[in-house]
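In terms of numbering that gives the first Met the number 0, the sequence shown has 137 at position 138, counting the first letter as 1, and numbering is strictly consecutive.
Ideal Cβ positions, reconstructed from N, Cα and C, are used throughout, including at glycine.
The structure appears right after this line, and notes come after that.
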Amino acid sequence: MWYKPAKRDGSPMNLTVAALVAALLTGPVTTDHETTTLHRGPIVKVGKSVACTYASKRVTGKNLVGMTLWWYQLNTKWCWDKSMTITKGVNYPSQDSPGPFWEFDGNITYAQDGGRGSGFWEVTRQGAFHCTFGGLTTHRYPVVKLHMDGGGDVE
């Protein structure tokens, strides 16, 4: 029999069914279990001297069996002129917490550098998630950063 009640005398405790379920549903999510994906759209000409594109970058938190618990994504659209100078830029975050017990707490930081009139645009956003299960709360603060060039390159 693999299930044994926890001992109260300070000896090591065996995993209970509830603890095993909690571990599978809520984590642990560490940076080892976060993946980042980048998607870039096609470059589209807008008039004779302006081009635009879009990109998104997502950080996904998963549990030990690979189930997605939450994701946080930065979406950007930007344009540049023939001199490779950024002329327009828009960014917005999106998120979800499909894993049980995980909730999105909001966007907590935002920073940008370059942008309109510059040859590059760098945007960084950070979100906050938490999970409460069995009286314990776990927090995650994913950061997504995109660096875009006047010319359509992104990383």
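* By a C-beta neighbour count over all protein chains shown, 10 Å radius and 16 as the cutoff for buried, is A110 buried or exposed? -> Counting from 1 along the sequence shown, the entry for residue 110 is found at position 111. Exposed, by the Cβ-count rule.
* Asked: Is DSSP giving V143 helix, strand or coil here?
  -> By 1-based counting over the sequence shown, the position of residue 143 is 144. Strand at V143.
* Under 7 Å between C-beta atoms of L73 and K61 -> Here the question's residue 73 lines up with position 74 in the sequence shown. Here the question's residue 61 lines up with position 62 in the sequence shown. Not a contact, by the Cβ cut-off of 7 Å.
* Asked: In terms of DSSP beta bridges, what is I85 paired with?
  -> Residue 85 sits at position 86 when you count from the first residue of the sequence shown. Looking at the DSSP output, I85 shares a beta bridge with W79.
* Buried versus exposed call for L145 [16 or more other C-beta atoms within 10 Å across all chains shown] -> Translated into positions along the sequence shown, residue 145 becomes position 146. Taking all protein chains in view, the Cβ of L145 is crowded by 16 or more other Cβ atoms within 10 Å, so the residue is classified as buried.
* Would you check if the distance between the CB atom of S96 and the CB atom of E102 is smaller than 7 Å? => Stepping through the sequence shown from its first residue, residue 96 is reached at position 97. Stepping through the sequence shown from its first residue, residue 102 is reached at position 103. Contact flag set, yes.
* Once you ignore the five residues that flank K76 on each side, which residues in its own chain have a CB closer than 6 Å to its CB? -> Indexing the sequence shown from 1 puts residue 76 at position 77. These residues qualify, in order along the chain: Y53, V89.
* What's the gap between the Cα of L37 and the Cα of Y71? -> The residue you call residue 37 lines up with position 38 of the sequence shown. The residue you call residue 71 lines up with position 72 of the sequence shown. Computed Cα separation, rounded: 12 Å.
* **Nearest to M83 (by Cα), restricted to the options G114, L68, T59** => Along the sequence shown, one-based indexing puts residue 83 at 84. It is G114 whose Cα lies nearest to the Cα of M83.
* Going by other Cβ atoms of all chains shown within 10 Å of its Cβ, with 16 needed for buried, is I85 buried or exposed? -> If you number the sequence shown from 1, residue 85 lands on position 86. Answer is buried; the Cβ neighbour count reaches 16.
* To do: Counting only the same chain and skipping the five closest in sequence on each side, list residues whose C-beta sits under 7 Å from that of M66.
  => As a working note, residue 66 is residue 67 in the sequence shown. Taken in chain order, the residues that qualify are G98.
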